[in-house]
Amino acid sequence: MIRVRFAPSPTGYFHVGGARTALYNWMLAKQSGGKFVLRIEDTDAERNKEEWVDGICNAMSWLGITWDEGPIRQSSRTQRHVEMALSLIEKGDAYYCDCRREDVEERNKASERTKQGYDGYCRERNLEKSPTTVLRYKVPADGSTTVNDLVRGEVVVANENIDDFVLLKANESPLFVLANVVDDIDMEISHVLRAEEHLPNTPKAVLLFKSFGKEAPLFAHVPVLVNEKRQKLSKRRDRVAVEDFKDKGFLPEAMINYLALLGWSPKDNREFMTLEEMTAEFSIEDVGHSPSFFDEKKMEHFNGVYIRALSDTDFVHLVLPFMEKSNWWEGSDENREKLFRLASITKERVSLLGQAPDLLMPIFAPSIVVDDTLFEKEVSPHSNLISQVAVLCQELDCFDAPSIEAMLRDLSATSEIPLRKLQAPIRVATTGAKAGLPLFELWEHTGRERIIERLIAASQNSNS
Ligand code: GLU
1 MIRVRFAPSP TGYFHVGGAR TALYNWMLAK QSGGKFVLRI EDTDAERNKE EWVDGICNAM
61 SWLGITWDEG PIRQSSRTQR HVEMALSLIE KGDAYYCDCR REDVEERNKA SERTKQGYDG
121 YCRERNLEKS PTTVLRYKVP ADGSTTVNDL VRGEVVVANE NIDDFVLLKA NESPLFVLAN
181 VVDDIDMEIS HVLRAEEHLP NTPKAVLLFK SFGKEAPLFA HVPVLVNEKR QKLSKRRDRV
241 AVEDFKDKGF LPEAMINYLA LLGWSPKDNR EFMTLEEMTA EFSIEDVGHS PSFFDEKKME
301 HFNGVYIRAL SDTDFVHLVL PFMEKSNWWE GSDENREKLF RLASITKERV SLLGQAPDLL
361 MPIFAPSIVV DDTLFEKEVS PHSNLISQVA VLCQELDCFD APSIEAMLRD LSATSEIPLR
421 KLQAPIRVAT TGAKAGLPLF ELWEHTGRER IIERLIAASQ NSNS
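Right under this line is the structure:
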């Protein structure tokens, strides 16, 4: 049975790179009825924060990346890690070492040794445990270690190029590779699919699996994500937190779809796929070697497509939290009903849910604000036309979109001002913006009284 794990260290927010790794693991497990384990690698007490653990779990849940087991805290398993490390001493695969960093550096300098790092000084000293000794792994002097990576192919490293790495610090706290391998053994992980940055440590992991008498899992190291300057995405420089994208109004389905395609594509190269379809077709062997460009604009384009495919009911449900963040929204039944009627024209014009409130503001907010420069440019020169439109609005029998359209078309014909040109000043005067929802519908839903009020105010302000 396929058993995978996603093993984040809670040292920061959950970012798109982590989300893609988690997603690939999830698809790999789900396509064969396997299990997905969530393991929190929280052994670095100084850099870990509890809030990051919550952030990771919440963002994963929002994306729909569910776990079958866990979250398991690596920190709760320290005793087991120590016990396994100590078992290597009897096997002759680990030894205590009391060298200080300065000693090693000095010896390296004095000798002709080209390789830096630890020189194996304590290998045969048979030291006992003391408060200053670390426990090191004894890397075989000869031969080589092979990592069979499903993405990278075969990676062979000569053992002489692998330092005797530390398993336990002097205070007995376990180091990354040890804890990682022991957990993978105990959790019976069959596939380790993770970020490429872990590839250099993998030969050490392979050696440890062998020393523990276990077969190593299959490895797959997925290439990094880069920004538009081809720099590796950095949590600090690039704003790539999944939570931020959620707050902007990305849909999880759109993000999942886009992220899956960063490094993998289905055989026929189609782009829009459901999670189910992607899961059925995903294959690690088809994951590429080269870095993938994380293009937020493209992801936003995906999002627009997903938004337009929503039912009106779902759209209203999803957009309401964004409306509620504004200070002008009143959540009455009447407003919700109106929002529902506006859903189809709004969906067509947004690529993020967070863009909807600005478009809908002129309809729901009691008053609008028009920027001075925009007013001078677009509204002031047309005050006569604007007051004329106000009168025509008053005279209309019914203030609905078709009647408003007919009224403005008539005016355009008699005044010989093209409809487009005629719409510009009255749109700015009644919405505060040069573009937005279709004007006739927008006016109908705003209501005659408010539209006339805004037109009159605009024409008066232009005269003054
Ligand atoms: N804890 C590691 C990280 O967050 C991942 C280790 C692994 O997947 O093996 O980068």
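Quick note on numbering: the working numbering labels position 108 of the sequence shown as 108, and the sequence is numbered without any gaps. For each residue, glycine too, the CB sits at the ideal point set by N, CA and C. The model shown is predicted, which means the values in this text are computed figures rather than measured ones.
With a threshold of 7 Å on Cβ separation, who are the neighbours of ILE56 within its own chain once the five nearest residues in sequence on each side are excluded? Mapped onto the sequence shown, residue 56 falls at position 56. Correct list, in chain order: PRO8, PRO10 and PHE14.
Counting only runs that start and end within the segment 207-255, where is the beta strand (DSSP E) found for 3 or more residues in a row? Taking only runs of at least 3 residues, the beta strand (DSSP E) segments lying wholly in the segment 207-255 are 218-222.
If you draw a straight line from the alpha carbon of PHE440 to that of VAL242, how long is it in whole angstroms? On the sequence shown, residue 440 is found 440 positions in, with the first residue counted as 1. On the sequence shown, residue 242 is found 242 positions in, with the first residue counted as 1. About 38 Å.
What separation, rounded to the nearest whole angstrom, lies between the Cα atoms of ARG409 and GLY12? Position 409 of the sequence shown, counted from the first residue, corresponds to residue 409. Position 12 of the sequence shown, counted from the first residue, corresponds to residue 12. Using only the alpha carbons, I get a separation of about 57 Å.
With a threshold of 6 Å on Cβ separation, who are the neighbours of MET84 within its own chain once the five nearest residues in sequence on each side are excluded? Sequence index remark: in the sequence shown, residue 84 carries index 84 (1-based). So the qualifying residues of the chain are VAL182.
Can we count GLU378 as close to the ligand GLU, meaning its CB is less than 7 Å from some heavy atom? Taking the sequence shown and counting its residues from 1, the one referred to as residue 378 is at position 378. For GLU378, the CB stays at least 7 Å from every heavy atom of the ligand GLU.
Check: HIS198 C-beta below 7 Å from any heavy atom of the ligand GLU: Position 198 of the sequence shown, counted from the start, is the residue given in the question as residue 198. HIS198: yes, Cβ under 7 Å from the ligand GLU.
Going by DSSP in three states, HIS503 sits in which element: helix, strand or coil? Absent from the model: residue 503. The displayed extent of the chain is 1 to 464, so no value can be given.
Can you check which of these residues, LYS129, LEU419 and ASN180, is closest to PHE6 by C-alpha distance? As a working mapping, residue 6 is identified with position 6 in the sequence shown. Cα-wise, what sits closest to PHE6 is ASN180.
Taking the alpha helix (DSSP H) that ASN148 belongs to, which residues open and close that run? Here residue 148 is taken as the residue at index 148 of the sequence shown, counted from 1. Careful: ASN148 lies outside any alpha helix (DSSP H), inside the beta strand (DSSP E) at 144-149.
Find out if the Cβ-Cβ distance for the pair LEU396, LEU411 is shorter than 8 Å. The residue labelled residue 396 in the question sits at position 396 within the sequence shown. The residue labelled residue 411 in the question sits at position 411 within the sequence shown. Their beta carbons are not under 8 Å apart, which means LEU396 does not touch LEU411 by this criterion.
My output table needs one value for PHE440: the three-state DSSP class, helix, strand or coil. Taking the first residue of the sequence shown as 1, we reach residue 440 at position 440. PHE440: helix per DSSP, three-state reduction.
Compare the C-alpha of GLN95 against each of ASP103, ARG80, PRO71 and ARG125 and name the closest. In the sequence shown, the residue the question calls residue 95 occupies position 95. Before going further, note that residue 95 is Tyr rather than Gln in the sequence given. Nearest Cα to TYR95 within the set ASP103, ARG80, PRO71 and ARG125: ARG125.
Is any heavy atom of the ligand GLU found at a distance shorter than 7 Å from the C-beta of SER211? Taking the sequence shown and counting its residues from 1, the one referred to as residue 211 is at position 211. No - the ligand GLU has no heavy atom lying nearer than 7 Å to the Cβ of SER211.
From this set, GLU69, MET323 and LEU127, which residue's C-alpha is nearest ILE89's C-alpha? Sequence index remark: in the sequence shown, residue 89 carries index 89 (1-based). Nearest C-alpha to ILE89: LEU127.
Confirm the yes/no value for this check: CB of ALA7, any heavy atom of the ligand NAP, distance under 7 Å. The ligand NAP is not part of the structure shown, which contains the ligand GLU as its ligands.
For the beta strand (DSSP E) that contains TYR96, what are its first and last residues? For this step, residue 96 is matched to residue 96 along the sequence shown. Per DSSP, the continuous beta strand (DSSP E) segment holding TYR96 begins and ends at 94-97.
Go through the segment 98-134 residue by residue and report every complete run of the alpha helix (DSSP H) that reaches 4 residues or more, in order. Whole alpha helix (DSSP H) segments, 4+ residues: 101-110.
ALA29 versus LYS232 - alpha carbon distance: In the sequence shown, the residue the question calls residue 29 occupies position 29. In the sequence shown, the residue the question calls residue 232 occupies position 232. Approximately 27 Å, taken between the alpha carbons.
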